[in-house]
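Chemist: Structure provided below as structure tokens; questions to follow.
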DNA sequence: CTCGATCACTTGACGCTTCAACTCATTTCC
DNA sequence: GGAAATGAGTTGAAGCGTCAAGTGATCGAG
């Protein structure tokens, strides 16, 4: 209870927020639409396939993969079931620890990624990279770092893992 | 066919993109979670109620409202049905043109917005406004303006409508 | 060594979004 | 003035995500 009195947004804050709110809704929708139209898969499915394709042995544990793709384990399980039916992924228990399940990209799955990647990268370029200056791109990196940290202070942000 | 050869992303472009991709997924989820937890409504429902509350006569045509909230007319129709059941919105045909439907915020609906707004604004502050410097906020405004324009060149971007 | 706790996942039911019809009102064109 | 075309909105079915409960494997205390 008792939220003091709310600190309303100034004009300047409001216009940054409205712009972000709009982009936040429409950018995922636009990227999903491109992938759905040109490749018949969702952005989430693409992230799963692309994540596997860049992994050693094209293999990853379900839980790692869920974190990489920013989704719940349950969601990933459903999605991988569908991708398995389409012949792009196989599942097998981890020989090292039977509780884990390994998702493995099949050859057909790799072909699918290779076929879908250029169109997706072009879309990202067209909608995000190309409209911005080099300086804005650097600013965006720092801005999203701060926002991501605010959302989840000790969360593994994909942008900062490895390398 | 024949996508030339794809212009892959440089290191710098990649880190901006990964950061944005992560924020783009998790920011809506975080805001939805706050509203769901504290007010029992989704971010989309909040936008609908808040949009109406700021409108003259607390009334808007369904199609205007759909555009304001960045959703399809069908989605809005379903959502308004639910909000109507909860007693926050009434629907009535537009006397000026019977094809249009007017959505009107009830008094209970206004109370709901007034009760939910402070918590939502606090969340926006905590996740976006406060973590950024004043300069970054200005940069974000320009960055999102460009991205929004790339997504829909002549789209009515909420940030630029009116005022 | 065994039993309970924990962990990684899977499953099924429910709710929301989308898509494709459909309805009804209004405009347009003979 | 009447028929076809257009436009706004609604509806129902299908698909996807979430939540809670369930399964099986492994760890750890006694």
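Chains as they are written, first to last, in the working numbering: chain A, 1 to 163; chain B, 1001 to 1163. Positions of the beta carbon are idealized from the N, C-alpha and C atoms, including for glycine.
Does residue 151/A come out as helix, strand or coil in the three-state DSSP assignment?
Modeler: Residue 151/A: helix per DSSP, three-state reduction.
Chemist: Measure from the C-beta of residue 124/A to each C-beta in chain B and report whether the shortest distance is under 8 Å.
Modeler: Closer than 8 Å: yes.
Chemist: Applying a beta-carbon distance threshold of less than 7 Å, which residues of chain A neighbour residue 1024/B?
Modeler: Here the neighbours are 24, 27, 28.
Chemist: So the candidates are 35/A, 91/A, 14/A, 79/A; which of them puts its Cα closest to the Cα of residue 60/A?
Modeler: Ranking 35/A, 91/A, 14/A, 79/A by Cα distance to residue 60/A puts 91/A first.
Chemist: With a cut-off of 8 Å, do at least 3 Cβ pairs link the segment 1074 to 1094 of chain B to the segment 1117 to 1125 of chain B?
Modeler: Contact fails: fewer than three Cβ-Cβ distances are below 8 Å.
Chemist: Name the one or two DSSP bridge partners that residue 66/A has.
Modeler: According to DSSP, residue 66/A bridges with nothing at all.
Chemist: Would you please verify whether the beta carbon of residue 1150/B is less than 8 Å from any beta carbon of chain A?
Modeler: Yes, its Cβ sits closer than 8 Å to a Cβ of chain A.
Chemist: Using a 10 Å radius around the Cβ and a threshold of 16 neighbouring Cβ atoms, would you call residue 57/A buried or exposed?
Modeler: So residue 57/A ends up on the exposed side.
Chemist: Could you pull the start and end residues of the alpha helix (DSSP H) that residue 1028/B belongs to?
Modeler: 1011 to 1039 is the span of the alpha helix (DSSP H), which, as asked, contains residue 1028/B.
Chemist: Quick one: list the residues of chain A neighbouring residue 1070/B, beta-carbon separation under 7 Å, in chain order.
Modeler: Residues of chain A passing the Cβ test: 22, 25, 26.
Chemist: At what residues does the beta strand (DSSP E) containing residue 113/A begin and finish?
Modeler: No beta strand (DSSP E) holds residue 113/A; the alpha helix (DSSP H) holding it covers 107 to 124.
Chemist: Per DSSP, what are the beta-bridge partners of residue 1103/B in this structure?
Modeler: DSSP lists 1060/B, 1091/B as partners of residue 1103/B.
Chemist: Alpha carbon to alpha carbon, what distance is there between residue 47/A and residue 101/A?
Modeler: In a straight line, the C-alpha of residue 101/A is about 18 Å away from that of residue 47/A.
Chemist: Between 1153/B, 1130/B, 1149/B, which has its C-alpha nearest residue 144/A's C-alpha?
Modeler: Selected option, being the one with the closest Cα: 1130/B.
Chemist: In three-state DSSP terms, what is residue 50/A?
Modeler: Helix, per DSSP.
Chemist: Please tell me whether residue 36/A has its Cβ less than 8 Å away from any Cβ of chain B.
Modeler: No, because no Cβ of chain B sits closer than 8 Å to the Cβ of residue 36/A.
Chemist: Closest to residue 1114/B by CA distance: which of 1042/B, 1050/B, 1016/B, 1030/B is it?
Modeler: For the residues 1042/B, 1050/B, 1016/B, 1030/B, the minimum Cα distance to residue 1114/B belongs to 1050/B.
Chemist: Apply the 10 Å Cβ neighbour rule to residue 141/A and answer buried if 16 or more other Cβ atoms are within range, or exposed otherwise.
Modeler: So residue 141/A counts as buried.
Chemist: Would you report the Cα separation of residue 1065/B and residue 21/A, rounded to the nearest angstrom?
Modeler: So the alpha carbons of these two residues sit roughly 16 Å apart.
Chemist: Near residue 16/A, what residues of its chain come up, given a Cβ to Cβ distance below 8 Å and the 5 sequence neighbours on each side ignored?
Modeler: Excluding positions up to five away in sequence, the list is empty.
Chemist: Under 8 Å Cβ to Cβ from residue 1093/B, same chain only, skipping five residues before and after it: list those, please.
Modeler: Around residue 1093/B: 1100, 1101, 1102.
Chemist: Less than 8 Å between C-beta atoms, sequence neighbours within five positions excluded: which residues of the same chain meet that for residue 77/A?
Modeler: Closer than 8 Å at the Cβ level, and outside the excluded window around residue 77/A, lie 62.
Chemist: Tell me whether residue 1135/B sits in a helix, a strand or coil according to DSSP, three-state version.
Modeler: Residue state, collapsed to three classes: helix.
Chemist: Is residue 119/A closer than 8 Å to residue 34/A when the C-beta atoms are compared?
Modeler: Contact: yes.
Chemist: Report all residues from its chain with a CB closer than 8 Å to the CB of residue 1018/B; omit the five preceding and five following residues, and keep chain order.
Modeler: So the list is empty, once near-sequence residues are dropped.
Chemist: Expressed to the nearest angstrom, what Euclidean distance is found between the alpha-carbon atoms of residue 1037/B and residue 1080/B?
Modeler: Roughly 20 Å between the two C-alpha positions.
Chemist: State the DSSP-derived secondary structure class of residue 1007/B, mapped to helix, strand or coil.
Modeler: Note: residue 1007/B maps to coil in three-state DSSP.
Chemist: Closer than 7 Å, Cβ to Cβ, to anything on chain B: give me those residues from the segment 7 to 21 of chain A, in chain order.
Modeler: Those would be 7, 8, 9, 12, 13, 15, 16, 17, 18, 19, 20, in chain order.
Chemist: Taking all protein chains shown into account, do 16 or more other C-beta atoms lie within 10 angstroms of the C-beta of residue 54/A, making it buried, or fewer, making it exposed?
Modeler: Exposed, because fewer than 16 other Cβ atoms sit within 10 Å of the Cβ of residue 54/A.
Chemist: For residue 75/A, name the three-state secondary structure that DSSP assigns.
Modeler: Reduced to three states, the DSSP call for residue 75/A is helix.
Chemist: Can you tell me whether residue 146/A is helix, strand or coil according to DSSP?
Modeler: In this structure, residue 146/A counts as helix in the three-state DSSP scheme.
Chemist: Going by the CB atoms, is the gap between residue 1105/B and residue 1052/B shorter than 8 Å?
Modeler: Yes, these two residues count as a Cβ contact at 8 Å.
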